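What follows is a set of notes on a single structure, which appears directly below.
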Amino acid sequence: MDKITMINEINRLKKEKNAVILAHYYQDGDIQDVADYTGDSLYLSQIASETDKDVIVFAGVHFMAETAKILSPMKKVLLPVKEAGCPMADMVTYAKLKKYKRENPERVIVCYVNSTAKVKALSDVCVTSSNAEKVIKHYQDKPLMYVPDKNLGTYLKDKYDLDMEVWPGFCCIHNNLNLKIVNEMKSLHKNASFIVHPEAPLDVVKAADFAGSTKGLLNHVINSDLNEFIVGTEEGILHQMKKACPNKIFHILTPDLRCYDMKLTTLEDVYLALKEDQFEVNVEEDIRTKAFIALDTMMKLS
Ligand code: SF4
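Numbering (the working numbering), first residue to last: 2 to 303.
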């Protein structure tokens, strides 16, 4: 099937099944373009919780589809590629976090949305990179544990001087960034402003002209008077940046900023998901209700 026919089929099946397609900014451009909504974790979570469609096709990774199911339990949630996971989410397990909680009952568990439903169920509140700073301010006077991203956790701890322990997890692509790569790119593009996601190590974040969530970076380049940027996050966001600012110049900090799991999904997988109802994501009800509380608390505070 050629690309145009496949896009037409996706649109036909979407109507037939009363489905909505959500695509994360890190998906390939073709998938972002065929989606009804494209965004970061926070925005897509909000859409998932509000949609009146029967079926949610989540072009992203497993924890995102799980989050949609937690927020919209009556909907059928489909993840086009069953194996699309997030290595960072798997770096904190239910058993290890449960043990930590037993040993540290005084600590509030703040959980990055990039985590499994079972880990969310053990947590007091979730955050995304878009709302982490806003949500964390409500817990500033309390002892905290932040799971699983040590880099975003360290960034928050440093910025707000928090009594916060951080789990030693990380995003495999952002964690590999370092000052040598940054300095090389800055010397190649002397007029470019360097912007970065706080999943990068703290020294890299501090070297940036602007740090923010994926959505924050997109808004920043749209609103900035500057014309040239070195972008330190997953390369999928360049699709939206170039669409929104066709006259500005964007350089990806390194070609390694490509998430293997995010890029597993193809247009054909989205088509097959709709056609064959694959692959349905479910969450056990007792886990779902506890995880819902952590997500709902986040929504109310953000
Ligand atoms: S970019 Fe990093 S945090 Fe996001 S899905 Fe890929 S590995 Fe996980």
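Ideal Cβ positions, reconstructed from N, Cα and C, are used throughout, including at glycine.
Given the structure is predicted, the values throughout are model-derived calculations rather than measurements.
Would you check if the distance between the CB atom of residue i and the CB atom of residue j is smaller than 7 Å?
i, j, result
"F64", "N9", "no"
"L145", "V197", "no"
"L258", "E236", "yes"
"H190", "H252", "yes"
"T62", "A36", "Inspection of the sequence shows that residue 62 is occupied by Val rather than by Thr. Not closer than 7 Å, so no."
"E170", "M92", "Going by the sequence as given, residue 170 is Gly instead of Glu. In this structure, M92 lies closer than 7 Å to G170 by Cβ."
"A338", "L79", "Nothing about residue 338 can be reported from this structure: the residues present for the chain run from 2 to 303 only."
"A245", "K121", "no"
"L203", "Y156", "yes"
"P271", "I11", "Note on residue identity: the sequence assigns Val, not Pro, to residue 271. Yes, Cβ-Cβ distance for V271 and I11 is below 7 Å."
"L153", "E200", "yes"
"S194", "D210", "yes"
"R289", "I71", "yes"
Ends of the alpha helix (DSSP H) at residue i?
i, result
"E277", "L268 to E277"
"G30", "G30 to V35"
"G217", "T215 to N224"
"F64", "H63 to L72"
"E84", "Premise fails: E84 is in no alpha helix (DSSP H) and is neither H nor E."
"G154", "K151 to Y161"
"L98", "Y95 to E104"
"Y44", "S42 to E51"
"V206", "L203 to K207"
"V114", "Element bounds for V114: n/a, residue is neither H nor E."
"H252", "Counting along the chain, H252 falls outside any alpha helix (DSSP H), though it belongs to the beta strand (DSSP E) covering I250 to I253."
"A245", "I238 to A245"
"F293", "E286 to L302"
"E310", "The structure shown does not extend to residue 310, since the chain is modelled only from 2 through 303, so no value can be given for it."
"K7", "Reading off the sequence shown, one finds Met at residue 7, where the question assumed Lys. M7 -> alpha helix (DSSP H) spans K4 to E17."
"I137", "A133 to I137"
Output the boundary residues of the beta strand (DSSP E) element that contains residue i.
i, result
"F280", "First-last for F280: undefined, no H or E at that position."
"G170", "Neither: G170 is in no beta strand (DSSP E) and is coded neither H nor E."
"M146", "L145 to V148"
"L258", "No beta strand (DSSP E) contains L258, which DSSP labels as neither H nor E."
"S124", "Premise fails: S124 is in no beta strand (DSSP E) and is neither H nor E."
Contact defined as beta carbons within less than 8 Å: I believe residue i pairs with residue j. What is the distance between those atoms, to the nearest angstrom?
i, j, result
"I182", "T255", "5 Å"
"V284", "A118", "5 Å"
"V167", "K151", "5 Å"
"D53", "K18", "14 Å between Cβ atoms; not a contact."
"D29", "K216", "Incorrect: roughly 18 Å between the Cβ atoms, too far for contact."
"M299", "V128", "6 Å"
Going by alpha carbons, who is nearest to residue i out of the options?
i, options, result
"K276", "E84, A20, M75 and E229", "A20"
"K135", "H25, Y161, K244 and A201", "Y161"
"L45", "T94, S131, Y101 and K121", "S131"
"H25", "V58, K16, T6 and R289", "V58"
"L180", "G170, D226, V206 and L227", "V206"
"P88", "A212, D31 and C173", "C173"
"N220", "P199, E200, F230 and M242", "M242"
"V282", "S73, T155, N177 and A212", "S73"
"M2", "A193, A96, L268 and F280", "L268"
"Q279", "S225, L43, F230 and P81", "P81"
"M263", "D150, Q33 and V126", "Q33"
"T234", "N177, N192, G154 and N184", "N177"
"K143", "V111, L14 and T129", "V111"
"K301", "Y38, G30, D31 and L43", "L43"
"L123", "I250, I137 and Y95", "Y95"
"I223", "A212, A208 and K249", "K249"
"T39", "A60, M186 and E51", "A60"
"E229", "I22, N192 and L218", "N192"
"K83", "D31, S225, M7 and A66", "A66"
"D164", "N184, K138, E185 and L218", "K138"
"Y27", "Y113, Y261 and R103", "Y261"
* Pocket of ligand 1 (residues with CB nearer than 7 Å to any heavy atom), chain order -> Y27, V62, C87, P88, M89, A90, N115, C172, C173, I174, H175, E200, E235, C260, D262 and M263
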